[in-house]
Amino acid sequence: MNLEVNIGGLKLKNPVMTASGTFGYGEEYAEFVDLNRLGAVVVKGLSLKPKEGNPPPRLVETASGMLNAIGLQNIGIERFIGEKLPFLRRFDTAVIVNFFGDSVDEYAEAAERLSATEGIHGLEMNISCPNKQAGWCIFGTDPKVTMRVVGAVRKKTALPLIVKLSPNVTDISLMARVAMEAGADAVSLINTITGMAIDIKTRRPRLANITGGLSGPAVKPIAVRMVYEVYRSLKIPIIGMGGIMNAGDAIEFLIAGASAVAVGTANFVNPRATTEIIDGIIDYMEKEGIGDIGSITGTVHAG
Amino acid sequence: MNLEVNIGGLKLKNPVMTASGTFGYGEEYAEFVDLNRLGAVVVKGLSLKPKEGNPPPRLVETASGMLNAIGLQNIGIERFIGEKLPFLRRFDTAVIVNFFGDSVDEYAEAAERLSATEGIHGLEMNISCPNKQAGWCIFGTDPKVTMRVVGAVRKKTALPLIVKLSPNVTDISLMARVAMEAGADAVSLINTITGMAIDIKTRRPRLANITGGLSGPAVKPIAVRMVYEVYRSLKIPIIGMGGIMNAGDAIEFLIAGASAVAVGTANFVNPRATTEIIDGIIDYMEKEGIGDIGSITGTVHAG
Amino acid sequence: MEEPHPGQFYMLEVSKGMDPLLKRAFSLFRRTPEGIRLLFRIKGKGTSILRDLREGTEITVLGPLGNGYPLPSDKESPLVIAGGIGIASVFSLAEKISKKAFVFYGARTERELFVAGELEKIYKELVVCTDDGSCGVKGTVVDAVNDFVRNRDGIHQPVIYACGPNVMLREIAKTAAANGISAYVSLEEHMACGIGACLGCVVKTKTGYKRVCKEGPIFAAAEIVWQP
Amino acid sequence: MEEPHPGQFYMLEVSKGMDPLLKRAFSLFRRTPEGIRLLFRIKGKGTSILRDLREGTEITVLGPLGNGYPLPSDKESPLVIAGGIGIASVFSLAEKISKKAFVFYGARTERELFVAGELEKIYKELVVCTDDGSCGVKGTVVDAVNDFVRNRDGIHQPVIYACGPNVMLREIAKTAAANGISAYVSLEEHMACGIGACLGCVVKTKTGYKRVCKEGPIFAAAEIVWQP
Ligand SMILES: Cc1cc2nc3c(=O)[nH]c(=O)nc-3n(C[C@H](O)[C@H](O)[C@H](O)COP(=O)(O)OP(=O)(O)OC[C@H]3O[C@@H](n4cnc5c(N)ncnc54)[C@H](O)[C@@H]3O)c2cc1C
Ligand SMILES: Cc1cc2nc3c(=O)[nH]c(=O)nc-3n(C[C@H](O)[C@H](O)[C@H](O)COP(=O)(O)OP(=O)(O)OC[C@H]3O[C@@H](n4cnc5c(N)ncnc54)[C@H](O)[C@@H]3O)c2cc1C
Ligand SMILES: Cc1cc2nc3c(=O)[nH]c(=O)nc-3n(C[C@H](O)[C@H](O)[C@H](O)COP(=O)(O)O)c2cc1C
Ligand SMILES: Cc1cc2nc3c(=O)[nH]c(=O)nc-3n(C[C@H](O)[C@H](O)[C@H](O)COP(=O)(O)O)c2cc1C
Ligand code: FES
Ligand code: FES
Numbered sequence: 007m008n009l010e011v012n013i014g015g016l017k018l019k020n021p022v023m024t025a026s027g028t029f030g031y032g033e034e035y036a037e038f039v040d041l042n043r044l045g046a047v048v049v050k051g052l053s054l055k056p057k058e059g060n061p062p063p064r065l066v067e068t069a070s071g072m073l074n075a076i077g078l079q080n081i082g083i084e085r086f087i088g089e090k091l092p093f094l095r096r097f098d099t100a101v102i103v104n105f106f107g108d109s110v111d112e113y114a115e116a117a118e119r120l121s122a123t124e125g126i127h128g129l130e131m132n133i134s135c136p137n138k139q140a141g142w143c144i145f146g147t148d149p150k151v152t153m154r155v156v157g158a159v160r161k162k163t164a165l166p167l168i169v170k171l172s173p174n175v176t177d178i179s180l181m182a183r184v185a186m187e188a189g190a191d192a193v194s195l196i197n198t199i200t201g202m203a204i205d206i207k208t209r210r211p212r213l214a215n216i217t218g219g220l221s222g223p224a225v226k227p228i229a230v231r232m233v234y235e236v237y238r239s240l241k242i243p244i245i246g247m248g249g250i251m252n253a254g255d256a257i258e259f260l261i262a263g264a265s266a267v268a269v270g271t272a273n274f275v276n277p278r279a280t281t282e283i284i285d286g287i288i289d290y291m292e293k294e295g296i297g298d299i300g301s302i303t304g305t306v307h308a309g
Numbered sequence: 007m008n009l010e011v012n013i014g015g016l017k018l019k020n021p022v023m024t025a026s027g028t029f030g031y032g033e034e035y036a037e038f039v040d041l042n043r044l045g046a047v048v049v050k051g052l053s054l055k056p057k058e059g060n061p062p063p064r065l066v067e068t069a070s071g072m073l074n075a076i077g078l079q080n081i082g083i084e085r086f087i088g089e090k091l092p093f094l095r096r097f098d099t100a101v102i103v104n105f106f107g108d109s110v111d112e113y114a115e116a117a118e119r120l121s122a123t124e125g126i127h128g129l130e131m132n133i134s135c136p137n138k139q140a141g142w143c144i145f146g147t148d149p150k151v152t153m154r155v156v157g158a159v160r161k162k163t164a165l166p167l168i169v170k171l172s173p174n175v176t177d178i179s180l181m182a183r184v185a186m187e188a189g190a191d192a193v194s195l196i197n198t199i200t201g202m203a204i205d206i207k208t209r210r211p212r213l214a215n216i217t218g219g220l221s222g223p224a225v226k227p228i229a230v231r232m233v234y235e236v237y238r239s240l241k242i243p244i245i246g247m248g249g250i251m252n253a254g255d256a257i258e259f260l261i262a263g264a265s266a267v268a269v270g271t272a273n274f275v276n277p278r279a280t281t282e283i284i285d286g287i288i289d290y291m292e293k294e295g296i297g298d299i300g301s302i303t304g305t306v307h308a309g
Numbered sequence: 011m012e013e014p015h016p017g018q019f020y021m022l023e024v025s026k027g028m029d030p031l032l033k034r035a036f037s038l039f040r041r042t043p044e045g046i047r048l049l050f051r052i053k054g055k056g057t058s059i060l061r062d063l064r065e066g067t068e069i070t071v072l073g074p075l076g077n078g079y080p081l082p083s084d085k086e087s088p089l090v091i092a093g094g095i096g097i098a099s100v101f102s103l104a105e106k107i108s109k110k111a112f113v114f115y116g117a118r119t120e121r122e123l124f125v126a127g128e129l130e131k132i133y134k135e136l137v138v139c140t141d142d143g144s145c146g147v148k149g150t151v152v153d154a155v156n157d158f159v160r161n162r163d164g165i166h167q168p169v170i171y172a173c174g175p176n177v178m179l180r181e182i183a184k185t186a187a188a189n190g191i192s193a194y195v196s197l198e199e200h201m202a203c204g205i206g207a208c209l210g211c212v213v214k215t216k217t218g219y220k221r222v223c224k225e226g227p228i229f230a231a232a233e234i235v236w237q238p
Numbered sequence: 011m012e013e014p015h016p017g018q019f020y021m022l023e024v025s026k027g028m029d030p031l032l033k034r035a036f037s038l039f040r041r042t043p044e045g046i047r048l049l050f051r052i053k054g055k056g057t058s059i060l061r062d063l064r065e066g067t068e069i070t071v072l073g074p075l076g077n078g079y080p081l082p083s084d085k086e087s088p089l090v091i092a093g094g095i096g097i098a099s100v101f102s103l104a105e106k107i108s109k110k111a112f113v114f115y116g117a118r119t120e121r122e123l124f125v126a127g128e129l130e131k132i133y134k135e136l137v138v139c140t141d142d143g144s145c146g147v148k149g150t151v152v153d154a155v156n157d158f159v160r161n162r163d164g165i166h167q168p169v170i171y172a173c174g175p176n177v178m179l180r181e182i183a184k185t186a187a188a189n190g191i192s193a194y195v196s197l198e199e200h201m202a203c204g205i206g207a208c209l210g211c212v213v214k215t216k217t218g219y220k221r222v223c224k225e226g227p228i229f230a231a232a233e234i235v236w237q238p
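Chains as they are written, first to last, in the numbering used here: chain A, 7 to 309; chain B, 7 to 309; chain C, 11 to 238; chain D, 11 to 238.
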């Protein structure tokens, strides 16, 4: 049985990765999960300089989901390399660094710095910033800007480059196409969907940041649809995510068109979610007589 | 205590209406709900000619939500006027007719026919067709087309004209602005969000139509955010909807910026949802000492 | 409480939270002096929650809904046919037309024959079949019905009432059509409202889509456009 | 099972469905030979579901989590202060430092004083107060602590441990600062992971945002940037 997948040049021992921001820097979950078993660890989004993030409250639960407005708090690339990466390098698991910047130059510089570092197997650039108060971030919603920022990063890195798309757009396939044309090796979708909740007693937003990003099972049907749309229209590997709670959900994304999946909010509900999902995928392959997990990608019988 | 609201010239005895497609033509719920108590009954979307709709399965439940691909099945405007409207006219409740067309001309002709009919108090034009297989419907996602179709309808009707926006867009405020500039008296948001679910055993989409529209509590945070965004940027009355299950949810939409709300999926879960929500709003007004329900619209303390 | 007819159904709330969200449909199984009884098979989330409810827990129930079986005339010999959990829907019919019914009840295996005991007093003839022969005749209920129809005496005009998996109903419909017998089938579709408002539960008929919850769940088999 | 320290907490799964989705945080109330006890107040959906669970139901629990209270030195006189359900967090501390604690326990009214009986054997002195005077001293626990601190003998150095509503903790922090007393408070924030991964549960401290679930829930009061 072959669980290996190749995502635009990035070889993973299995298609299950962690979703950025939901698995810390890996060490937080080492007590619950054998990190060696994961396809990849994708770390919390990093920027050149450390970021303080948003004031609390940063979280609110919603029906079958949650809103977060962490505000991209992170320790910065240098501290990550010095303090967190050595731990991750002890494991035989791909390390994918999720990163972002406030300008095209910052994106490019971050990519350059990360690419000069040993022990990083791939980069995932986050071009959607749902926690920005100012409505949304143009990196992930304006195709022209997307083209520029991805192009700039592409010039600075030879690592497999994954572009993580924002779902807050009219046409996700267009955004994926732009990312591909600008040099992305793969796309991740979806990031969180911008949402809001209000306390009717105080009439205040439940998040200090007013809006936040919706994740969890609530968004799964939207995420599956987006994966399906992009798969139908483009030949670029897709990492699917959004509400994956169990192996069945993960397989649904693969069948819709994903070559790998990432597990996010589920880690909070069940810290062992990732490895239980891997086990579940193996079970499914056995029961259905599937020899190679890659063979089910995009096999939905539709139209 | 004043529950009355005025939505762009449409006077309602209270801000609670039914969401199109979830309350049939009113009569289906008459056994459970005193229709006289509702702010308005919004009927299932109508077109000039009857429509058969999509093959089954048309429904699938998702986490805290559901996908539907009814395919806009309806009996057509003439049969509605002959067979359904007389029943609704027996009640002292505003009747709002939701309608759509396959072309700009069909939209305009439908509006004209409906406007020539006694007993209709407002029109809600549905420019989002999430059940269309071909990806999406440009009426609700391409601002230029939106401008044309709303403009054409505006010329044909003197009734209060509500434009129901699609949430499947990058910038909901832009779409609302276009609708307003083309002559809309109010906007409804949100319609369902396009989603998909796959049966991993058969690898078939769970809906015969492949994709469908997501509704229910799962989408509420997205809907509230969109109402808030449009309210902040435009002066047009908003009818808020998307996952309203109880009075607290309805009030959340009002505080976010809606002048009225529509109750959709909740009718399926509890056929008395609409009137229970009205009672709950009255309770809230009493407890909080609110004299006029209109006074809470857009009062979220944000930024 | 409204008096239910055999073949009607109820929509049951399965959770106070938002997941599962929708009500679940269950046929009237038996009307008793105390109220109604339902019979269900554990399928997924909703039915698992129902199983785990404490006795005495109050849940909201909508119904009776739908149309119910048309009763046989005095001249007709009712053949009541159930596949698996389909027994839940036809049981109260057999009970109502007490002792007139020729009951055919099939399941994959003995373990999946529910309430066989309770059937005792209400049939004229009973044929039980299992696919694996673990109880009754070995074979499908469709085979048994075909046998019966082939060998019938010709005095009475049979009329069929059937509930079970879709493939079974389709085959029964064929038998009925081939032999000029009226047949009524109870259909299932995913439902949201249960009262005809959402148009979600349609089935294709010769005169267009019909709502299972409103025009059904009982349909004349000849009306249905059966899917291959 | 890992041995918990007073002040640590657990995350409890409240539903097998997807709504409610996240685990709920509850402090260690008491460690008993059989296991652990939690004490909770019905607040919303999650706690209502927990209340309705049948005895013997298995649920997933994560913990013990967080840092716990630093124990007083022999020279220190521990003032253990609880507002309302805050008693859940400090109870096991008082129990551990048995008979050394000056316990202050306040609530709005007598009905909201939990487990007052169980407190019996573990305090050196106990001051109970209610806002409405329905039990113990009339007034807030903050007033009572202020009185005590003002009239203290000066032999021992008091150290404060407090859990309760945020406004109460803020006032206690002021008292402590004004009197040069160390104080430790147990804070609450909405949590998702409970193990330091999501960065969702932060509180503002003088050295930046800290995670309540990881660097806390117990913080030196002087470290916190209290919100007005
Ligand atoms: C008119 C009617 C009468 C029925 N009578 C009975 C009965 O008496 N006894 C019995 O055991 N079952 C009966 N069923 C089937 C029963 O409704 C489903 O088994 C049940 O809804 C499954 O719910 P779940 O949450 O356990 O399963 P899940 O598979 O988790 O349900 C997911 C979703 O699919 C829907 N669904 C799944 N299976 C069916 C189905 N077969 N029909 C309709 N919707 C389905 C559920 O309602 C839910 O919305 C009837 C169905 C209909 C339409
Ligand atoms: C470290 C810690 C220890 C706690 N110890 C106890 C205890 O021993 N006894 C007790 O009764 N309560 C305790 N609480 C508070 C308890 O977690 C909340 O009352 C509970 O989560 C409410 O859940 P609910 O679903 O009933 O309420 P809802 O209001 O429906 O919950 C909605 C969401 O808000 C969150 N939430 C609501 N109130 C709080 C709160 N005060 N703190 C954190 N999240 C909240 C919930 O976790 C959930 O995600 C503690 C909280 C923390 C952070
Ligand atoms: C608390 C939290 C923090 C997140 N932080 C990041 C981040 O730093 N960078 C990023 O690209 N995505 C981030 N995400 C988005 C997730 O990686 C993922 O795309 C999204 O949550 C959908 O998956 P899920 O529903 O499985 O959680 C975050 C999500 C959550 C819930
Ligand atoms: C079964 C179903 C049918 C619907 N049909 C229509 C329709 O015909 N026209 C329309 O404008 N919206 C239609 N909608 C969208 C609803 O009116 C509403 O905008 C949406 O469901 C969000 O609200 P909710 O979450 O409260 O259901 C339909 C929704 C559902 C669930
Ligand atoms: S379930 Fe809504 S029409 Fe039948
Ligand atoms: S709850 Fe996730 S960091 Fe504290």
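By construction, the Cβ of each residue, glycine as well, lies at the ideal position given by its N, Cα and C atoms.
{"Query": "Going by CA-CA distance only, name the one from Leu72/C, Glu13/C and Asp29/C that's closest to Ser223/C.", "Result": "Rather than Ser, the amino acid found at residue 223/C in this sequence is Cys. Per the Cα distances, Leu72/C."}
{"Query": "Residues in the same chain with beta-carbon distance under 8 Å from Phe86/A, minus the five sequence neighbours each way, listed in chain order, please.", "Result": "Tyr31, Val49, Leu52, Asn80 and Val103"}
{"Query": "Are the C-beta atoms of Gly93/D and some chain A residue less than 8 Å apart?", "Result": "no"}
{"Query": "Who are the neighbours of Asp242/D on chain B, taking C-beta pairs under 8 Å?", "Result": "The requested residue 242/D is not part of the displayed model; chain D covers only 11 to 238."}
{"Query": "By Cβ distance below 7 Å, which residues in the same chain neighbour Val107/D in space, the five residues on each side in sequence not counted?", "Result": "For clarity, residue 107/D is Ile in the given sequence; the question names Val instead. Cβ within range, chain order: Leu81, Pro82 and Pro88."}
{"Query": "Mind pulling the alpha helix (DSSP H) runs of 4 or more residues that sit fully within the segment 40-111 of chain C?", "Result": "55-62 and 97-106"}
{"Query": "Using a Cβ-Cβ cut-off of less than 8 Å, give me the residues of the segment 225-241 of chain A that come near chain B, in sequence order.", "Result": "Val225, Lys226, Pro227, Ile228, Val230, Arg231, Tyr234 and Glu235"}
{"Query": "Evaluate Ala140/A with the Cβ neighbour count: other Cβ atoms within 10 Å of its Cβ, from every protein chain shown; 16 or more gives buried, anything less gives exposed.", "Result": "Per-residue confidence for Ala140/A stands at a pLDDT of 43, beneath the threshold of 50, marking its modelled position as unreliable; no derived number is given."}
{"Query": "Determine the DSSP secondary structure at Thr28/B, reduced to helix, strand or coil.", "Result": "coil"}
{"Query": "Is the shortest distance between the beta-carbon of Leu52/A and the beta-carbons of chain D less than 8 Å?", "Result": "no"}
{"Query": "Short of 7 Å in beta carbon distance, which residues of its chain neighbour Arg162/C, apart from the five on each side in sequence? Order them along the chain.", "Result": "Pro168"}
{"Query": "Would you mind reading off the limits of the alpha helix (DSSP H) that contains Leu32/D?", "Result": "Taken as a continuous stretch (DSSP letters only), Leu32/D belongs to no alpha helix (DSSP H), as it is neither H nor E."}
{"Query": "Is there at least one Cβ from chain A nearer than 8 Å to Met202/B's Cβ?", "Result": "yes"}
{"Query": "Taking only beta-carbon atoms, is Lys220/C less than 8 Å away from chain D?", "Result": "no"}
{"Query": "For the putative contact between Asn273/A and Ala279/A, defined by C-beta atoms under 8 Å, what is the C-beta separation to the nearest angstrom?", "Result": "5 Å"}
{"Query": "Can you check which of these residues, Gln18/C, Gly27/C, His15/C and Glu13/C, is closest to Pro223/B by C-alpha distance?", "Result": "Gly27/C"}
{"Query": "Say the cut is 7 Å; is the CB of Glu67/B nearer than that to a heavy atom of ligand 1?", "Result": "yes"}
{"Query": "Strictly under 8 Å for the Cβ-Cβ distance: is Lys33/C near chain D by that measure?", "Result": "no"}
{"Query": "To the nearest angstrom, how far is the alpha carbon of Val101/B from that of Glu187/A?", "Result": "50 Å"}
{"Query": "Would you call the segment 176-191 of chain A in contact with the segment 200-210 of chain A, where contact means no fewer than 3 C-beta pairs closer than 8 Å?", "Result": "no"}
{"Query": "Going by alpha carbons, who is nearest to Pro166/B out of Phe93/B, Ile144/B and Val193/B?", "Result": "Val193/B"}
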